[in-house]
Amino acid sequence: MGVSGQGRSLKVVLLRTYLALLGASQKLWEAEKGARNQNNPVDPYMTLVGYFNSLRELGGSRRIVEDEVRSLLEAYSDRKRETEAIGWFADRKIADDPLELTSRVNTSQVAEAKGRLDKTFHGSDRKHAVDVVLATNMISVGLDITRLGLMVVLGQPKTTAEYIQATSRVGRDDERPGLVITLMNIHRPRDRSHYERFQAWHNTFYRAVEATSVTPFSPRAIDRGLAGITVALARLGCDRLTAPKQAIQINQERQNLEFVAEAISERAANHDKELSKDEAETLRLHIRAAVTDLLDDWEHLATEEQGKLQYQKEVGDAPPLLYDPLDPELLKQNLRAKKFKAQRSLRDVEQSVDLWIQRPDGQDFGDES
């Protein structure tokens, strides 16, 4: 559903939208027996996800949530039409500070925030449940939480792909459809265009998804992804290696895993029809050697661990084969083990880095000495 507004009035529309959704969801929550109902169907709509295209817009809206939304919502049940004896809204007390998922939040806080968003509004989870979360495009492909069902998007995202990815963060439960409300700025030509052809565009927006540039089997892609795909293909293609703690079985199955190197190297050789025959063969041999090297190192690690090796740290005390790239334990491992770094998800946020800018004379900018 799209709503159009302008200038200062857009902030008023945002305020009223948040108040209406939070107050109405509380009303429905109570009508469905509230926290006493462990399967309360309103739970997905008790957490409001606010999506913003920039930190500047998010910052201004955060103040609205912290001050006006929070204070007005405590007596919002009084708001009703003149002819109504009972309104559509209930009083609600929300947390003083909304949760935030942006680049301003460090990695550990992002992980904690994702954990809280999975908490429902009943039982022991209720004290950790989230009323409002404000986010930027950081969540476009990184928030896979089934229970979320309500989102307000402020302004049309810059690309169609981002719009689809962002709004698909809610309504992931087949039995509880998501509700997405988009607030448009009439003074922005792109917003106005989308508002004027809102329904037609939504019926066909997949045809407008922008093409993305990718470079398969580039050195950086190989460094990041080859270990994960090698282990995954071996594990899925060999029954004895499938169970979580059976990475140790590489000692008995190594001779049966040549199909892994063959499959990945052939895929590399055939991925680009513009490669010459010699270039394709060179790439195939390079990838085959790299995969074979990984399988050999896996076998060495299994021998060193003397009967205990699991794929990731999830069951028992057996050491893991795979490590997250930012896992502090990875730094303590030998060179063979360090090769087996793999993202559990390519959607996680990496650590920030410091940047120092120096003049040609070697002094830092701002250094007046």
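Residue numbers in the sequence shown follow numbering that gives the first Met the number 0, run continuously in steps of one, and reach 368 at the last position.
All residues carry an ideal CB built from backbone N, CA and C; glycine is no exception.
Nothing here was measured: the structure is a model prediction, and the numbers come from that model.
Asked, Found
"Closer than 6 Å: residue 282 CB and nearest the ligand ZN heavy atom", "Among the components modelled here there is no ligand, and therefore nothing to report on the ligand ZN."
"Endpoints, beta strand (DSSP E) assigned at residue 51", "47-51"
"Any 3 or more C-beta pairs closer than 8 Å across the segment 294-308 and the segment 320-336", "yes"
"Helix, strand or coil at residue 120 [DSSP, three-state]", "coil"
"Supposed close pair residue 342, residue 324 - CB separation, criterion 8 Å", "7 Å"
"Beta-carbon proximity list for residue 23, same chain, < 7 Å, skipping 5 on both sides", "87 and 88"
"Among 277, 240, 247 and 288, the one whose alpha carbon lies nearest that of residue 262", "288"
"Separation of residue 328 from residue 77, as counted between CA atoms", "56 Å"
"Pair within 7 Å by beta-carbon distance, residue 234 and residue 225", "no"
"Buried versus exposed call for residue 148 [16 or more other C-beta atoms within 10 Å across all chains shown]", "buried"
"Beta-carbon proximity list for residue 18, same chain, < 7 Å, skipping 5 on both sides", "68, 71, 72 and 75"
"Closest residue to residue 228 among 252, 214, 264 and 248 (Cα-Cα distance)", "264"
"Residue 91 classed as buried or exposed, judged by whether at least 16 other C-beta atoms fall within 10 angstroms", "buried"
"Cβ neighbour criterion (16 or more within 10 Å) applied to residue 51", "buried"
"Candidates 207, 48, 215 and 199: closest to residue 137 by CA position", "48"
"Chain D within 7 Å of residue 362, Cβ atoms only", "The structure shown contains no chain D; it holds only a single protein chain."
"Segment contact, 8 Å Cβ cut-off, at least three pairs: the segment 129-136 with the segment 26-36", "no"
"Buried versus exposed call for residue 103 [16 or more other C-beta atoms within 10 Å across all chains shown]", "exposed"
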